[in-house]
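So the sequence lines, in the order shown, correspond to chains V and F.
Position one of the first sequence corresponds to residue 1 (the working numbering), numbered consecutively onward.
Position one of the second sequence corresponds to residue 1001 (the working numbering), numbered consecutively onward.
Using N, Cα and C, we set each Cβ at its ideal position, and we do this for glycine too.
Scroll down for the structure; my scribbles are underneath it.
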Amino acid sequence: MSNMQTEPKLTPGKPGIGGALLKTLPMVLMILFMILGGGGLSTDWRVLAGVIGSVVFFSTLFFLMVYTGKTDRYRALAFAVLAGAFAITFITQLIEVRGSMVLTPEDMMQGDTPFCHMVLPMVILPAIFTKTIIFPGSLLEGFASIGSMIALWFVFSLVFGRGWCSWGCFYGGWDDALSRVGKKPVIKKVNSLWKYLPFAMLLLVVLTSLVSLTPTYCTWFCPFKAITEFEEISSTLILIQTVIFVSIFLGLVIILPVLTHKRTQCGLFCPFGAFQSFTNAVSPVDVRIDTAKCIQCNKCLNICPTFSLDEKSLTSGKTLITCTKCGKCIDNCPVGAITYHVKGTEVKGKNNRARMLYLYAAYFFLATFGGGMVATALYRILLLFTTGSMLT
Amino acid sequence: MKLRATLGYIWASIAILLVFVMFIGNHFLAETLINTTGLKISPWCDGGEVTQTLEYDTYKVLVHRPVFDGLTEERSQGFVQVDWKSIGKPLPETVYAGIDYDQDGVQDFHLVLNTQTNEATLEDAGTYVLGIEQVYDLKTQRAVRIRLKHK
């Protein structure tokens, strides 16, 4: 405790307003370039308002990150908005194109199922053995094609590792946001053995997909079918599958995050997250603890939303491989002992250069990936207010 | 240590460029990936390659290759997909096709499809033909999958 009183609370490289604006400018330009995409501006004021709203939203949050030195607080807001915007955009588009959220056998046969990153661990081995992708999507055409998503995932995994799960995944914002509801968690202790469940799930879905040549996680478990698309209940089997995925959605994405203040779907279940953990080894930036500064107050262990710190971390200075680089521990460390860290460099308290390098890449990804979705979602909301329907 | 630190910073800086390049060149990279690897959609999803085309006046019948594909060897049961694709005019109320899916010169089954009700009937089916799996009403065509036993 004495350390806590003598050490000042550090905020890394907190610049003045001018400095923060200057550091924000490149990000604003990159966001503008990507969201506008070289296309002309729409004459529909609602589309225009959506685009402007999205650019202002993401630019403001980045400015606040730079100005306040806090990462997670603003990342979480952008991440949650991305998740909500994705659901609005995806569902409204589905209803416009197909008339409902129901995925029919015909849609699957015609390759009309958008590919998402969660499928990746299941398709790799079958692709190696059979030279085919065991997913009813499109290789190159249409929205979220398989080739496009694999290329995105590959590059971003090199760059962020499992940072994907806190900066890019358009589902993760759900349990991230809900894990912040309420002042104190109702369930304070979660057995640490549960954190191995995603790896067990990963093994299960990879093996069963390999044997059955179908993406078993999508068929049986994926909770996010509840906010995207799902098979019509036309048999007892599909009814059972529906009960399973709805239960997982309600339990792990809605209820448990509120009760535990943890990202229970991401930290205790998601096989893609487990798979993505291995890519942390190649990404250039990780999160480290300066053991000389650490006062072992355990605050970081308690607040880590994905169970990625344990007692050993405090002595080794390293997070577990499941770290999603959300920055929550960094923001909340009372003595500034935790930092973003460029691999190969010394760990010495907070390192703002490493943080900014990471933020430029990660936030640009989040803003670009989410910018279009937020613009569309805002447009849909404005459409609802002005016409009474989100559909065109 | 200094070299490692320099390399670390270089890699972290390249990462920012990579993200930018990835978004700009996503379609090119996706195309390169698919073309280089030669990956295709699993025939269990899209029905497999079309191996025969039977031409009629107002429509054509596309017969896909029989699908028994397994991980390392063929499965004991599979299916063959038959599509009816209209040419100009809508499909007639009833369409027929005699199918020799293994192309051994002997017709394996005769398929009748009512395009109004999407009901299909199998006739003269051989012992390796197990039955109709499902009729699919697709954007530009009707498709029927017929369950098969491996010969």
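Report buried or exposed for N1035 (chain F), applying the criterion of at least 16 other Cβ atoms within 10 angstroms of its Cβ.
-> Counting from one through the second sequence, the residue named residue 1035 (chain F) turns up at place 35. Classification of N1035 (chain F): exposed, given that the 10 Å Cβ count is below 16.
Within the same chain, show all residues whose beta-carbon is closer than 8 Å to that of T1053 (chain F), passing over the 5 residues directly before and after it, in chain order.
-> As a position in the second sequence, residue 1053 (chain F) is number 53, starting the count at 1. Here the set comprises K1060, V1061, L1062 and V1063.
The stretch 244-264 of chain V contacting the stretch 176-183 of chain V, beta-carbon criterion three pairs below 8 Å = yes
Selection from V:N351, V:I227, V:Y340 and V:F278 that minimises the alpha carbon distance to V102 (chain V) = Within the first sequence, numbered from 1, the residue matching residue 102 (chain V) stands at position 102. Closest option to V102 (chain V), Cα to Cα, is V:I227.
Chain F partners of K225 (chain V), CB-CB under 9 Å?
-> The residue you call residue 225 (chain V) lines up with position 225 of the first sequence. What K225 (chain V) touches in chain F: nothing, since even the nearest Cβ is about 18 Å away.
Between the stretch 136-166 of chain V and chain F, which residues of the former have a C-beta closer than 9 Å to a C-beta of the latter?
-> P136, G137, S138, L139, L140, S145, I146, G147, S148, M149, I150, A151, L152, F154, V155, F156, L158, V159 and F160
Count the other C-beta atoms from every protein chain shown that fall within 10 angstroms of the C-beta of K189 (chain V), then say buried if there are 16 or more, exposed otherwise.
-> Along the first sequence, read from residue 1 onward, the residue named residue 189 (chain V) stands at position 189. It is exposed - the Cβ of K189 (chain V) has fewer than 16 other Cβ atoms within 10 Å.
Pull up the CB-CB distance for Y360 (chain V) and M27 (chain V), whole angstroms please, since I reckon it's below 8 Å.
-> For this step, residue 360 (chain V) is matched to residue 360 along the first sequence. For this step, residue 27 (chain V) is matched to residue 27 along the first sequence. About 7 Å; that satisfies the 8 Å criterion.
In chain order, each alpha helix (DSSP H) run of at least 4 residues that lies wholly inside the stretch 75-144 of chain V | 105-109 and 120-130
Given a threshold of 16 other Cβ atoms within 10 Å of its Cβ, counted over all protein chains shown, does R288 (chain V) qualify as buried or as exposed?
-> If you number the first sequence from 1, residue 288 (chain V) lands on position 288. Buried.
Leaving aside the five residues before and after W164 (chain V) along the sequence, list all residues of the same chain whose C-beta is less than 7 Å from its C-beta, in chain order.
-> Taking the first residue of the first sequence as position 1, residue 164 (chain V) is located at position 164. Excluding sequence neighbours, W164 (chain V) sits near F156, S157 and Q276.
F307 (chain V) by DSSP, collapsed to three states: which one?
-> Position 307 of the first sequence, counting from 1, holds the residue named residue 307 (chain V). F307 (chain V): coil per DSSP, three-state reduction.
Sequence-distant residues of its chain with Cβ nearer than 6 Å to E1133 (chain F) (five each side left out) | The residue given as residue 1133 (chain F) occupies position 133 in the second sequence. Here the set comprises F1079, R1145 and R1147.
Hey, how far is the Cα of V1095 (chain F) from the Cα of N1114 (chain F)?
-> Here residue 1095 (chain F) refers to the residue found at position 95 when the second sequence is read from its first residue. Here residue 1114 (chain F) refers to the residue found at position 114 when the second sequence is read from its first residue. Cα to Cα, V1095 (chain F) sits roughly 7 Å from N1114 (chain F).
DSSP state of T60 (chain V) mapped onto helix, strand, coil | Counted from its first residue, the first sequence places residue 60 (chain V) at position 60. T60 (chain V) falls in the helix class under three-state DSSP.
Is the CB-CB distance between V119 (chain V) and F135 (chain V) below 9 Å?
-> The residue you call residue 119 (chain V) lines up with position 119 of the first sequence. The residue you call residue 135 (chain V) lines up with position 135 of the first sequence. In contact: V119 (chain V) and F135 (chain V) (Cβ atoms closer than 9 Å).
Within 9 Å (strictly less), CB to CB, does T43 (chain V) reach chain F?
-> Within the first sequence, numbered from 1, the residue matching residue 43 (chain V) stands at position 43. With 9 Å as the cut-off, T43 (chain V) does not count as an interface residue toward chain F.
I1099 (chain F): buried (16+ other C-beta within 10 angstroms of its C-beta) or exposed?
-> On the second sequence, position 99 is the one that residue 1099 (chain F) refers to. Flag for I1099 (chain F) reads buried.
Continuous alpha helix (DSSP H) stretch holding E1055 (chain F): start and end = Here residue 1055 (chain F) refers to the residue found at position 55 when the second sequence is read from its first residue. Segment V1050 to E1055 is the beta strand (DSSP E) holding E1055 (chain F); no alpha helix (DSSP H) there.
Taking 8 Å as the threshold, find out whether the stretch 367-379 of chain V comes into contact with the stretch 82-100 of chain V through three or more Cβ pairs.
-> yes
When the Cα atoms are used, what is the spatial distance from K23 (chain V) to S145 (chain V)?
-> Reading the first sequence from its first residue, position 23 is the one you call residue 23 (chain V). Reading the first sequence from its first residue, position 145 is the one you call residue 145 (chain V). Looking at the two C-alpha atoms, the distance is approximately 34 Å.
Starting from the C-beta of I303 (chain V), find all residues in its chain whose C-beta is less than 7 Å away, skip the five residues before and the five after it, and write them out in chain order.
-> Mapped onto the first sequence, residue 303 (chain V) falls at position 303. Contacts found: K328, C329 and N332.
Using a C-beta to C-beta distance shorter than 7 Å, which residues of chain F count as neighbours of M108 (chain V)?
-> The count along the first sequence starts at 1 and reaches residue 108 (chain V) at position 108. Neighbours of M108 (chain V) on chain F, chain order: C1045.
Would you mind stating whether E231 (chain V) and T242 (chain V) have Cβ atoms separated by less than 9 Å?
-> Here residue 231 (chain V) corresponds to residue number 231 of the first sequence, with the count starting at 1. Here residue 242 (chain V) corresponds to residue number 242 of the first sequence, with the count starting at 1. Yes, they are a contact pair.
Bounding residues of the beta strand (DSSP E) (the contiguous stretch that carries F170 (chain V)) | Position 170 of the first sequence, counted from the first residue, corresponds to residue 170 (chain V). First-last for F170 (chain V): undefined, no H or E at that position.
Chain V contact residues for T1072 (chain F), given Cβ-Cβ distances below 8 Å = Start at 1 with the first residue of the second sequence, and residue 1072 (chain F) comes out as number 72. Chain V residues near T1072 (chain F): F129.
If you run the structure through DSSP and keep just helix, strand and coil, what is D331 (chain V)?
-> Sequence index remark: in the first sequence, residue 331 (chain V) carries index 331 (1-based). Three-state result, D331 (chain V): helix.
Shortest alpha-carbon distance to K184 (chain V) belongs to which of V:K262, V:M30 and V:G50?
-> In the first sequence, the residue the question calls residue 184 (chain V) occupies position 184. Out of V:K262, V:M30 and V:G50, V:K262 has the C-alpha closest to the C-alpha of K184 (chain V).
Listed from N- to C-terminal order along the chain, which residues in the stretch 1001-1012 of chain F have their beta-carbon within a distance smaller than 7 Å of any beta-carbon of chain V?
-> R1004, A1005, L1007, G1008, Y1009, W1011 and A1012
Looking at T345 (chain V) and A1143 (chain F), is the spacing between their C-beta atoms short of 9 Å?
-> One-based indexing of the second sequence puts residue 1143 (chain F) at position 143. One-based indexing of the first sequence puts residue 345 (chain V) at position 345. No. Outside cutoff.
Classification of G370 (chain V) by the beta-carbon crowding that lies within 10 angstroms, buried from 16 upward = On the first sequence, position 370 is the one that residue 370 (chain V) refers to. G370 (chain V) should be labelled buried.
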